[in-house]
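Asks:
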Amino acid sequence: MKVCVLPGDGIGPEIVGQAVRVIEALRRDGIKLEMETALLGGCAVDAAGEPYPEATRKLARAADAVLLGAVGGPQYDTLPREQRPERGLLGIRKDLGLFANLRPAVLYPELANASSLKPEVVAGLDILIVRELTGDIYFGEPRGIEMRNGANGKERVGINTMIYSESEIRRIARVAFEAARKRNRRLCSVDKMNVLECTQLWRDVVTDEAKHYPDVELSHMLVDNAAMQLVRNPKQFDVMVTGNMFGDILSDEASMLTGSIGMLPSASLDEKGKGLYEPIHGSAPDIAGKGVANPLATILSAAMMLRYTFGLEAAAARIEGAVKKVLAQGLRTGDIFEPGTQKVGTREMGDAVIAAL
Ligand code: NAD
């Protein structure tokens, strides 16, 4: 079980450092993960002149999973586009064929006040959004801005193409059904079939795929209603599956229901279950190097890695249980601090999770 560790920039090395300590603590209990570290993002540009260097590519391809911190920082914003840290991120996602993005939005009861919604609407929220990541209108051809003849003579038109093949829909549906099986066995597929033929196909194929998963209850919802239901009554959902563009929007909406960006992990998977695991937040340059960043999103990303790539459900649940325990003990990093709780730094939070394990 090989893990390629990419700390990245900003707070990346601090938070990944704590996740690595948690994995090492599990290693003493017989979970033998091999970890090797490489450069991605701004630190790779500094050292090797490009954001996704060959040495990193080799290691990432050979590994079973990749654990990533975050990339980017203001010092890189003026570089030519191909040298920007974000190019490293897009590069590795494409290189590894990661087509399924899994974003849980979990709100621990202790953090219910962090949400902008009423605590009773969100306390105990636990949903998973499965977003298709390599198709849809973001990649469809033809695309571009061109001159065309219209009623008012020649003018510019902007064009993008929403396109999904049956096989692309089927493979993301399978990931979502499998994920639902690991949870409460309810899957809501989100589309816009009343207007878009592409998503009529989406609905037909997801419905057809459901025959292989009789133990999972499938429902369908139009995307406009889904956006509304996520703020009206988000706890009605277990797993949601949708295309790239709808998923982009709905997963951000869902994550903000929790109000705590430092708590949310994510996974991006390929066809064989290899995955890249990372917190949803960025490199937080404003607090980098201060030892105050919240490492829990990265630690929870490591838990997702154990569950989805290595099939180690019990170990994953143990990490998640340990995180719940430290929150119940009242420990908080600055981003989730409230009066009456105890403020701790990045390393102390890691210590507490390891003690709770
Ligand atoms: P950000 O997520 O880095 O930070 C937003 C705010 O949240 C900041 O105030 C930050 O201090 C806080 N924050 C984020 N993570 C935290 C944590 N773990 N603990 C405590 N506080 C935390 O977003 P941004 O400021 O828009 O972007 C900063 C840099 O990160 C940019 O260069 C951007 O391109 C990059 N970025 C990278 C990724 C990625 O690597 N996947 C994602 C988003 C942004």
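Each residue of the sequence shown is one higher than the one before, starting from 166 at the first, in my numbering. Beta carbons: idealized from backbone N, C-alpha and C, even for Gly.
With H, G and I counted as helix, E and B as strand and the rest as coil, what does DSSP make of residue 416?
Replies: One-based indexing of the sequence shown puts residue 416 at position 251. The answer is helix: DSSP assigns residue 416 an H, G or I state.
Asks: Would you call the CB atoms of residue 350 and residue 380 closer than 8 angstroms?
Replies: Looking up residue 350 in the sequence shown gives position 185. Looking up residue 380 in the sequence shown gives position 215. The answer is yes: Cβ separation under 8 angstroms.
Asks: I need the straight-line Cα distance from residue 253 to residue 204, nearest angstrom please.
Replies: Locating residue 253 in the sequence shown gives position 88, where the first residue counts as 1. Locating residue 204 in the sequence shown gives position 39, where the first residue counts as 1. Computed Cα separation, rounded: 10 angstroms.
Asks: Are the CB atoms of residue 431 and residue 266 within a distance shorter than 8 angstroms?
Replies: Walking along the sequence shown from the start, residue 266 turns up at place 101. Walking along the sequence shown from the start, residue 431 turns up at place 266. Against a cut-off of 8 angstroms, the Cβ pair of residue 431 and residue 266 comes out as a contact.
Asks: Out of 307, 206, 407, which one is the CA nearest neighbour of residue 298?
Replies: Locating residue 298 in the sequence shown gives position 133, where the first residue counts as 1. If we check each option's Cα against that of residue 298, 407 comes out closest.
Asks: Who pairs with residue 248 in a beta bridge, going by DSSP?
Replies: Within the sequence shown, residue 248 is the residue found at index 83, counting from 1. Answer is none; residue 248 lacks a bridge partner.
Asks: So residue 402 and residue 292 are supposed to be a Cβ contact under 8 angstroms. How far apart are they, rounded?
Replies: In the sequence shown, counting from the first residue as 1, residue 402 sits at position 237. In the sequence shown, counting from the first residue as 1, residue 292 sits at position 127. Contact holds; Cβ gap of about 5 angstroms.
Asks: Which one of 467, 516, 510, 191 has the shortest CA to CA distance from residue 490?
Replies: Here residue 490 is taken as the residue at index 325 of the sequence shown, counted from 1. Among 467, 516, 510, 191, the Cα nearest to that of residue 490 belongs to 516.
Asks: Would DSSP call residue 474 helix, strand or coil?
Replies: Position 309 of the sequence shown, counted from the start, is the residue given in the question as residue 474. The answer is coil: DSSP assigns residue 474 none of H, G, I, E or B.
Asks: Enumerated in chain order, which unbroken segments of the alpha helix (DSSP H) with a length of 4 residues or greater are wholly contained in the segment 335-397?
Replies: Counting whole runs of 4 or more residues, the segment 335-397 contains the alpha helix (DSSP H) stretches 362-374, 388-397.
Asks: For the putative contact between residue 216 and residue 256, defined by C-beta atoms under 8 angstroms, what is the C-beta separation to the nearest angstrom?
Replies: By 1-based counting over the sequence shown, the position of residue 216 is 51. By 1-based counting over the sequence shown, the position of residue 256 is 91. Yes, they are in contact, since the Cβ atoms of residue 216 and residue 256 sit about 7 angstroms apart, within 8 angstroms.
Asks: Nearest by alpha-carbon distance to residue 459: which of 477, 486, 426, 507 is it?
Replies: By 1-based counting over the sequence shown, the position of residue 459 is 294. Closest option to residue 459, Cα to Cα, is 426.
Asks: May I have the straight-line CA-CA distance separating residue 377 from residue 470, to the nearest angstrom?
Replies: Reading the sequence shown from its first residue, position 212 is the one you call residue 377. Reading the sequence shown from its first residue, position 305 is the one you call residue 470. Spanning the two alpha carbons is a distance of roughly 25 angstroms.
Asks: What are the start and end residues of the beta strand (DSSP E) that includes residue 200?
Replies: The sequence position of residue 200 within the sequence shown is 35, counting from 1. Counting along the chain, the beta strand (DSSP E) containing residue 200 begins and ends at 199-202.
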